[in-house]
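**Student:**
4 protein chains.
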Amino acid sequence: MDTNEDTLRRLRTVDGHLRGIIRMVEQGEYCIAVIQQIQAVEAALNKTSARILERHLDSCVTTAVRGGDPIERERVLQEIAEVFEMSSKV
Amino acid sequence: MDTNEDTLRRLRTVDGHLRGIIRMVEQGEYCIAVIQQIQAVEAALNKTSARILERHLDSCVTTAVRGGDPIERERVLQEIAEVFEMSSKV
Amino acid sequence: MDTNEDTLRRLRTVDGHLRGIIRMVEQGEYCIAVIQQIQAVEAALNKTSARILERHLDSCVTTAVRGGDPIERERVLQEIAEVFEMSSKV
Amino acid sequence: MDTNEDTLRRLRTVDGHLRGIIRMVEQGEYCIAVIQQIQAVEAALNKTSARILERHLDSCVTTAVRGGDPIERERVLQEIAEVFEMSSKV
C-alpha cells in the first residue's frame, strides 16, 4: 500500500473514533469509559507514528545518509533522535 | 465551567487539530512534521483525560467512598488504578 | 503481603536489573539491546507505581474522603490527579 | 565525552536515585512522594535511552546504510522503528 494511503486510512479511523468519543461525552456517558476510549485513541496514534517513522527510515534517512551532504545527514538523524525522545513524553 | 462543556471543548479542539494533520498528509507534507503534530495531539488528549479524572475523583469517587456499599467503593477505586496503569502505556 | 514488602521486593528486583544493564554497558554490548533493557526497567517501574497507587486509593484516600476535613480531602484527590497526569509524560 | 562513559554516568546516577527510593520505602515515607520519585527515575531513563539512540544513529546506522549489505541495513532500520514504537508504551 502507498505510504500516504496507509497513514490517511489510520488517521481517518482515529478521527471516526474521536468523534464517537465526543458523542459519548454529549450523551453524558460514564467518565471512566471516556478515559478508556481516549487511551485507545492514543494507542492508535502511537502506532500510526511508528509506521510513519518506519517508512521514513527506509526512504528519507537512507537517501540522506548516502547523499554527499554531511549537514543534511546530521539534520535528518537529529530529527529522529528528537521524535524518539518526545515519544516517551506523550 | 460545566464538566462536560470543558471536555467537549477540549475534544473538539483535538478533532480540529487531527483533521489538520489529515490535510497535511493529503498534501504530502514532511513526515517528521506529521509525527510532531501527532505527538501534540497525544499530549492534548493526555491533558483531557487528566481533567476528566480530576473531576471524577471529586464527584463519583467521593460519593462511592462515602456510600454504604463496599463492593461499589472497591469497583470505583479499582477503575482508577486501572486507568492509571494504562496511562503509562499509551 | 504487606504493602511495603511488595513494593520493596519490586524495587529491589528493578535495581538488580538496572545493575545488570550497567554491566552490559561496561562490557560494550550492542546499544539497541541496552535500550530494550532500559525499556523493560521502565515497564517494571510503571507497574510498581500502579500497585502503590492502588493500595493508596484503598487506604489513605478512603480515610481522607471519609474524614471530616474538606481541605485534606481535596489535597489527597488533587495529588492523585497530578500523578495521573504526570504518568502519561514519563 | 566517550559514549559509554556518558551512558554509565547516567545509569549510575539513576541507580543511586533508585536506592534512595528503596530507603524511602523502608522508612515508610508517604506513597505519593515515592510515586513521584519513581516517575523522576523513569524520566531520567528516557533521557538516557534517547542519548544512546542518538549516538547509535550517528555510528551504527550510518555504517549500515552506507555498507553494501541490504539485509543488514534493513535489520538496523527495523530495530530503530521497534524501539520507537516501544518507547510510547513504557
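Residue numbers (numbering that gives the first Met the number 0), protein chains in the order written: chain X, 0 to 89; chain B, 0 to 89; chain S, 0 to 89; chain P, 0 to 89. Positions of the beta carbon are idealized from the N, C-alpha and C atoms, including for glycine.
#1: I need the DSSP call for B:GLU28, collapsed to helix, strand or coil.
#2: Around the Cβ of B:GLN77, are there at least 16 other Cβ atoms within 10 angstroms (buried) or fewer (exposed)?
#3: Using the rule of at least 16 other Cβ atoms within 10 Å of the residue's Cβ for burial, across every protein chain shown, is S:SER86 buried or exposed?
#4: Would you report the Cα separation of B:LYS88 and P:LEU10, rounded to the nearest angstrom?
#5: If we call anything under 9 Å between Cβ atoms a contact, is P:VAL13 one with S:ILE51?
#6: Is there a Cβ of chain B sitting closer than 9 Å to that of S:LEU56, yes or no?
#7: Count the C-beta pairs between the region 52-59 of chain X and the region 54-66 of chain B that are closer than 8 Å, then say yes if the count reaches three, no if not.
#8: Suppose you measure from the CA of X:GLY27 to the CA of X:LEU44; what does that come to, to the nearest Å?
#9: Whole angstroms is fine: what's the gap from S:VAL75's alpha carbon to P:PRO69's?
#10: Can you tell me whether DSSP reads X:SER87 as helix, strand or coil?
#11: For S:GLU25, count neighbouring Cβ atoms within 10 angstroms of its own Cβ and tell me buried if that reaches 16, exposed if not.
#12: Any idea if X:GLU41 is buried or exposed, counting beta-carbon neighbours within 10 angstroms, 16 or more meaning buried?
#13: Under 9 Å between beta-carbons, which chain S residues line up against P:GLU25? List them in chain order, please.
#14: Buried or exposed: which applies to X:ARG72, given that a residue is buried once 16 or more other Cβ atoms fall within 10 Å of its Cβ?
#15: Looking at chain B, is there any beta carbon in it that lies within less than 9 Å of the beta carbon of S:GLN35?
#16: Does at least one heavy atom of the ligand SAM sit under 8 Å from the Cβ of X:ASP57?
#17: Let me check understanding here. Comparing Cα to Cα, which of S:GLU84, S:ILE21, S:ASP5 and S:ARG65 lies closest to P:SER48?
#18: Taking Cβ-Cβ distances shorter than 7 Å, what residues in chain X pair up with B:LEU44?
#19: As an exercise, report each continuous alpha helix (DSSP H) stretch of at least 4 residues that is fully enclosed by the region 27-77 of chain S, in chain order.
#20: Are the C-beta of X:ARG74 and some C-beta of chain P separated by less than 9 Å?
#21: Using only alpha-carbon positions, find the residue among B:LEU7, B:GLU81 and B:GLY19 that is nearest to X:MET23.
**Tutor:** By the coordinates alone:
#1: coil
#2: exposed
#3: So S:SER86 counts as buried.
#4: 22 Å
#5: no
#6: Residue-level contact check: S:LEU56 touches chain B, since one or more beta carbons of chain B fall below 9 Å from its beta carbon.
#7: no
#8: 25 Å
#9: 56 Å
#10: coil
#11: Per the 10 Å Cβ criterion, exposed.
#12: buried
#13: ASN3 and LEU7
#14: buried
#15: For S:GLN35, the answer is no, since every Cβ of chain B falls outside 9 Å of its Cβ.
#16: Of the ligands one can find in the structure shown there are none, so the ligand SAM has no counterpart to examine.
#17: If we check each option's Cα against that of P:SER48, S:ILE21 comes out closest.
#18: ILE37, VAL40 and GLU41
#19: 30-55 and 61-65
#20: no
#21: B:LEU7
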